[in-house]
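Q: Numbered according to our numbering, the sequence shown spans residues 1172 to 1419.
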Amino acid sequence: MKRVFVTLVTIGLASLVAGTASLASAAGLNLGWNDCPSGVSYQLNNAFACNTNLGIQIMVGSYIPPPGLDAVYGNEVVLNLTTNQATLSPWWSMGSGGCVGRTTTPAAVFDFTAGPFGCTDFWQGQAVGGLDYTRQFDGPNRARIRVICAVQDAFAGPQSPPTEYYSFKVVINDARTVGSGSCAGCTDAACIVLNSIKIDQVSPATFNPTVTNPATSNFVTWRGGTGVCPGATAARNVTWSSIKALYR
């Protein structure tokens, strides 16, 4: 399983390439801090005081699917982040080569068995996947987050509206926020847009819709946001045929 998981993440993230999106007009996306819109801890703005190096910040992505899904087994997700500075704030410059001490990229989590509980947990702790964080993608003050996850075919199943399903959590560590060696820019405003979620079904299914339109809100803000949230670009297609062959 470990070898398969590594292969899944490596090939899956490498395959996230530009393409023409199909709009699932009957469906919708939601992005929130801590939970989906039905949850009691749901927030659209994160007003973190930036006064500690301990703790985490959690974004939760969810979606209402279109009808006609019988064997869902995976999601492919694209998000864009923009800060209100001319260049990406050091606090958001995570990953290799980023601000020293914040070289760990955000983590992707797909286990909702311990909460939150505002929406339906389709994965039931069975999904595996990964996250890719690209600094200064499509602009000097931007970053792109790509998430991919899947369950084995045996755990695939139907999804239907109006049920709202959890897709992912993006977990951001508070390390190097204050004190010696801290990374400046935590207090800078930012906006994160959930551009798209592609819903993949087990072969030979031919209906693998990409949901792009918002339900309640497909974006969240950080410390008040950036005014009009930029970066809500067209969805991206992903090819999963090689992943399916390896993961079965």
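Think of the CB as a built atom: it goes at the ideal place given N, C-alpha and C, for glycine as much as any other residue.
Predicted, not measured: the structure shown is a model, and the values here were computed from it.
For Q1330, which beta-bridge partners are listed by DSSP?
A: BP columns for Q1330 point to L1240.
Q: Using a Cβ distance threshold of 8 Å, determine whether the region 1226-1240 contacts the region 1204-1211, with at least three qualifying pairs required.
A: Short answer: they touch.
Q: Closest to D1241 by CA distance: which of D1303, G1328, A1346 and N1255 is it?
A: Nearest of D1303, G1328, A1346 and N1255 to D1241, Cα basis: G1328.
Q: Please list the segments of the beta strand (DSSP E) lying wholly inside the region 1279-1343, counting only runs of 3 or more residues, in order along the chain.
A: If we require 3 residues or more, the beta strand (DSSP E) runs fully inside the region 1279-1343 come out as 1299-1306, 1313-1321 and 1328-1330.
Q: On the premise that C1270 lies in contact with R1394, defined as a C-beta separation below 8 Å, what is that separation, rounded to the nearest angstrom?
A: Actually they do not touch by this definition, with Cβ atoms about 18 Å apart.
Q: Does DSSP put P1385 in a helix, in a strand, or in coil?
A: Strand, per DSSP.
Q: Cα separation between S1331 and T1253?
A: The straight-line gap from Cα to Cα measures roughly 32 Å.
Q: The beta strand (DSSP E) with M1265 in it runs from where to where?
A: Here M1265 belongs to no beta strand (DSSP E), and DSSP marks it neither H nor E.
Q: Given this structure, state the Cα-to-Cα distance separating I1319 from I1370, to the nearest angstrom.
A: So the two alpha carbons sit approximately 11 Å from each other.
Q: CB-CB under 8 Å to S1267, same chain, minus the five flanking residues each way: which ones, in chain order?
A: If we look at S1267 and ignore the five residues flanking it on each side, its Cβ neighbours are T1274.
Q: Do three or more CB pairs link the region 1354-1362 to the region 1246-1261 at distances below 8 Å?
A: Yes, the region 1354-1362 is in contact with the region 1246-1261.
Q: Using DSSP's beta-bridge definition, name the partner residues of L1250.
A: DSSP output for L1250 lists I1316 and L1365 as bridge partner(s).
Q: Pull up the distance between the alpha-carbon of C1400 and that of C1354, whole angstroms please.
A: Cα to Cα, C1400 sits roughly 24 Å from C1354.
Q: So V1491 and A1285 are supposed to be a Cβ contact under 8 Å. How far apart are they, rounded?
A: No answer is possible for residue 1491: it lies beyond the span of the chain, which begins at 1172 and ends at 1419.
Q: In terms of alpha-carbon separation, which member of T1276, G1356, P1238 and C1290 lies closest to R1306?
A: Considering only alpha carbons, the answer is T1276.
Q: Grab the span of the beta strand (DSSP E) containing V1231 for me, first residue to last.
A: V1231 -> beta strand (DSSP E) spans I1227 to I1235.
Q: Return the CA-CA distance between C1357 and S1212, expressed in angstroms with no decimal places.
A: Between C1357 and S1212, the C-alpha separation is close to 22 Å.
Q: Output yes or no for whether 8 Å exceeds the beta carbon distance between E1335 and Y1244.
A: Not a contact, by the Cβ cut-off of 8 Å.
Q: Cβ atoms of S1388 and I1368: under 8 Å apart, would you say?
A: No; because the gap between Cβ atoms is not below 8 Å, this pair is not in contact.
Q: Going by CA-CA distance only, name the one from G1272, Q1372, V1248 and L1365 that's closest to L1215.
A: Checked all of G1272, Q1372, V1248 and L1365; the closest Cα to L1215 is L1365.
Q: Distance, Cα to Cα, N1224 vs N1255?
A: Each residue's Cα considered, the two are about 22 Å apart.
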